[in-house]
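Trainee:
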Amino acid sequence: MLGLCLQSCSNEHQQPSDQLQQKAVPNKYQESYLSPDQMPNEKTQYLKMLTQDMPDNQRLLDELDTTLKAENFILETGSDLHQWVLKDCDSNKIIQLDGEGMRRYSISSTESMPDHPNTYPEFTLLVFEFPDTVTSKSNARILNAALQSGGATCNGKSPNIIAENGREIFYFTTYDVKFTPYIQQYAQFVQKVKVS
0 MLGLCLQSCS NEHQQPSDQL QQKAVPNKYQ ESYLSPDQMP NEKTQYLKML TQDMPDNQRL
60 LDELDTTLKA ENFILETGSD LHQWVLKDCD SNKIIQLDGE GMRRYSISST ESMPDHPNTY
120 PEFTLLVFEF PDTVTSKSNA RILNAALQSG GATCNGKSPN IIAENGREIF YFTTYDVKFT
180 PYIQQYAQFV QKVKVS
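In this text, residue positions in the sequence shown follow numbering that gives the first Met the number 0: the first is 0, and each later residue adds one.
(1) Who does Leu48 pair with in a DSSP beta bridge?
(2) State the CB to CB distance for the pair Phe171 and Ile160, rounded to an integer number of angstroms; the pair is presumed to be in contact (CB under 8 Å).
(3) Report the rounded CA-to-CA distance for Pro158 versus Leu142, giving the unit in angstroms.
(4) Can you tell me the Cβ-Cβ gap for Asp87 and Ala162, rounded? I've got them flagged as a contact below 8 Å.
(5) Tell me the rounded alpha-carbon separation between Thr123 and Thr43.
(6) Cutting at 8 Å between CB atoms, please list the residues of its own chain near Asn117, excluding the five before and the five after it.
(7) Of all the options Gln51, Thr50 and Ile73, which has the alpha carbon lying nearest to the alpha carbon of Asp61?
(8) Tell me, which residues are paired with Thr109 by DSSP?
(9) Taking Cβ to Cβ, would you say Leu96 is nearer than 8 Å to Thr50?
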């Protein structure tokens, strides 16, 4: 009898697990959040951003490359990139970047992490060029909102960050959460470099 009382008393303040999980999701996502597999749908809006190759835009990447080399990273040009797509699960929007102003790079360290002797940090960098700073700033806000949408899981759970400077947007991403401090560090670097 005492055991039954203890069990019922201890369960008195417990809620069913589905109610607890539901409370963990912010209200705005309960009402308007779509999962990535629910897009596109009949109400999906499409936004196209046209990138433009700007040959004089090399200075910022050169500065980043110099810093990476000094910190034992290698920047390598990746495969051609002519289209890239992001989803915004909060506003039911698909954003497509097109044009000749897109570049892909892979960045890897020649030194292992101090706490993980067999782990070498690596990440990917995409660079998007636009004809002017107003367009670049506006597009950076839109892309960042898409990356943060759906609780920052609409476009996958890989760590990613956007940095905008001048007429360029730098998108850093990595497959391993342990490498997040590196992409944060270099995104901050990109934002602070003075471009003329």
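Where is the CB? At the ideal position from N, CA and C, for every residue including glycine.
Mentor: Taking the geometry as given:
(1) Per the sequence presented here, residue 48 reads as Met, with Leu not at that position. According to DSSP, Met48 bridges with Leu96.
(2) 5 Å
(3) Rounded to whole angstroms, Pro158 to Leu142 spans 15 Å at the Cα level.
(4) Wrong, their Cβ atoms sit about 19 Å apart, outside the cutoff.
(5) 29 Å
(6) These residues qualify, in order along the chain: Ser111.
(7) Closest by alpha carbon: Ile73.
(8) Thr109 is not bridged to any residue.
(9) yes
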